[in-house]
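Okay, so here's the structure we're looking at.
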């Protein structure tokens with residue numbers, strides 16, 4: 091399949107990206123294209139490259155039925171979108187450190203001595219890290235992935251809406267995830283807009299920036 095990713099400059103993507111709540115329910119996204127979108131999404135940065143983000147793509151009728159009682163006032167997105175992408179943070183992401191750094195060495199992206207030094211330094215750090223600190227890290231990294239996902243989706247010609255209003259304590263179990271390990275960060279709905287999202291005002295840099 092030809093890659094449908096379009097080269098767009100930042101201004102074009104940002105002008106076209108609006109939060110859409112009502113999608114064309116007839117539009118579906120193939121698994122192959124969704125994987126391409128996610129592969130582009132995870133080029134986002136993460137703390138010491140541990141990539142704690144985990145994605146559950148809820149696209150089936152059964153999946154959306156399970157999600158429906160948990161998304162509060164975001165039911166239209168759940169009913170009409172091509173998919174609801176639930177982003178979790180893996181609180182045990184350091185289990186993948188050897189694979190991440192080892193593969194980097196194999197691909198000549200990192201010298202062996204750097205890998206060994208990094209793992210020696212990070213291993214005790216992650217062992218001692220509190221659950222709350224891991225959640226904070228997962229939230230920051232997951233939010234970076236979510237924003238990247240919305241920009242990537244726009245470049246593929248799709249619309250999105252970030253959703254923070256959902257039942258955080260229940261969503262992992264509803265999607266057959268280990269709630270002790272996977273911390274819910276955000277949901278991003280994706281599809282083709284059925285009606286254009288409203289533009290919104292943004293405070294200018296002069297209102298929100300301090301210079302020292």
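Numbering (the numbering used here), first residue to last: 91 to 302.
Quick reminder that beta carbons are idealized off the backbone N, C-alpha and C, glycines included.
Check: Buried or exposed (CB count within 10 angstroms, at least 16 for buried), residue 300; Outcome: exposed
Check: Residue 267 in three-state terms, based on DSSP; Outcome: coil
Check: Where residue 114 sits in the DSSP three-state scheme; Outcome: coil
Check: Beta-carbon proximity check, residue 130 vs residue 179, cutoff 8 Å; Outcome: no
Check: Simplified DSSP state of residue 137, which is helix, strand or coil; Outcome: helix
Check: Bounding residues of the beta strand (DSSP E) (the contiguous stretch that carries residue 147); Outcome: 143-148
Check: Every unbroken beta strand (DSSP E) within the segment 212-295, with a cutoff of 3 residues, ordered by chain; Outcome: 249-253 and 272-281
Check: Cβ contact check for the segment 165-173 and the segment 207-218: 3 or more pairs under 8 Å; Outcome: no
Check: Status (buried if at least 16 other CB within 10 Å, exposed otherwise) for residue 215; Outcome: exposed
Check: Extent of the continuous alpha helix (DSSP H) run through residue 156; Outcome: 151-157
Check: Contact test: residue 121 Cβ vs the ligand SAH heavy atom, cutoff 7 Å; Outcome: In the structure shown, the ligand SAH is absent, as is every other ligand, since no ligand is present at all.
Check: Alpha-carbon to alpha-carbon, residue 228 and residue 190; Outcome: 17 Å
Check: Inter-residue Cα distance where the pair is residue 91 and residue 168; Outcome: In this prediction, residue 91 has a pLDDT of 44, which is less than 50 and means its spatial position is unreliable; nothing more can be read from the coordinates.
Check: Reference residue 271, options 120, 144, 243 and 255, closest by Cα; Outcome: 144
Check: Which listed residue (290, 282 and 220) has its alpha carbon closest to that of residue 308; Outcome: Since the first and last residues shown for the chain are 91 and 302, residue 308 lies out of range.
Check: Sequence ranges, alpha helix (DSSP H) only - wholly within the segment 156-194, length at least 4; Outcome: 165-170
Check: Residue from 280, 284 and 200 whose Cα sits closest to the Cα of residue 241; Outcome: 280
Check: Cα-Cα separation, residue 95 to residue 177; Outcome: A caution first: residue 95 carries a pLDDT of 49, below 50, which makes its placement in the model unreliable, though a value can still be read off. Answer to the nearest angstrom: the Cα atoms are 22 Å apart.
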